[in-house]
Amino acid sequence: MSGLRKTSVPFAIAIASLLTACDTGGLGTPKDSPFAPDVDTRGEAVDPLLVGHRLMDAGEYELALKSYTRAARFQGLTADVLSSLATANLGLGRLGQAETQIRQAIDVDETRPEIWNNLGVILMERGKTADAAQIFRKAFAMDNGESVAIRDNLRLALAKLENSAYTDDQIDQEFKLVRTGNGGYFLTGEP
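In the working numbering, the protein residues as written are 1489 to 1679.
Structure (structure tokens):
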């Protein structure tokens, strides 16, 4: 038994020295490490709505939807969150979900013309041009005619109503998501 102890002690020392050589010297990760840094729990979180808006600008609608869902967990289902969720779903082609969410946003805050404008765009995408034109009129009146985007959307809807040669393919190509100055989104049409 004493022979077994003599060989196991140097072996244990060799293993311990190898493990010590692999240690980084603390809990932090060195700057040149290929591994992700530790999470700084003292730092401030970035607003998930802002992250979602940036992802929308980049055309990353699925990631934006996840970010807006995170915002809903922290902020609740505010008009901004619901409108943002609807915009992301529209970008993904989920028109039914987008319409439901934008109508919920209107129920929360019916005074915002940009939300009414977004509803009009969704209705245009669904082929409900007459309904969309009425919604655009309402948004235009609420905005006192100040928004060029709403005016252009109204013109496009009225032109489509008057001219049946305007095809749905042309409508699909002309709408795009545009971020507004107040952090929300407009779904605009360019005539």
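No residue lacks a Cβ here, since even glycine has one placed at the ideal position from N, Cα and C.
On a predicted model such as this, the values are computed, not experimentally measured, just so you know.
Between the Cα of residue 1586 and those of 1612, 1621, 1564, spot the shortest distance and give me the residue it belongs to. The shortest Cα separation from residue 1586 among 1612, 1621, 1564 belongs to 1612.
My understanding is that residue 1567 touches residue 1603, with C-beta atoms under 8 Å, so please give their C-beta distance in whole angstroms. Contact flag correct, Cβ pair sits at about 6 Å.
Inspect the beta-carbon positions of residue 1593 and residue 1578 and report whether they are closer than 8 Å. With contacts defined by Cβ atoms closer than 8 Å, residue 1593 and residue 1578 do not form a contacting pair.
Alpha carbon to alpha carbon, how far is residue 1634 from residue 1681? Give it in angstroms, no decimals. In this structure the chain extends from 1489 to 1679, so residue 1681 is not present and cannot be described.
Between the Cα of residue 1642 and the Cα atoms of 1606, 1625, 1533, which residue gives the shortest distance? Residue nearest to residue 1642 within the set 1606, 1625, 1533 is 1625 (criterion: CA-CA distance).
Need the endpoints of the alpha helix (DSSP H) that residue 1628 sits in, please. 1617-1630 is the extent of the alpha helix (DSSP H) around residue 1628.
Under three-state DSSP, which class holds residue 1523? Correct three-state label for residue 1523: coil.
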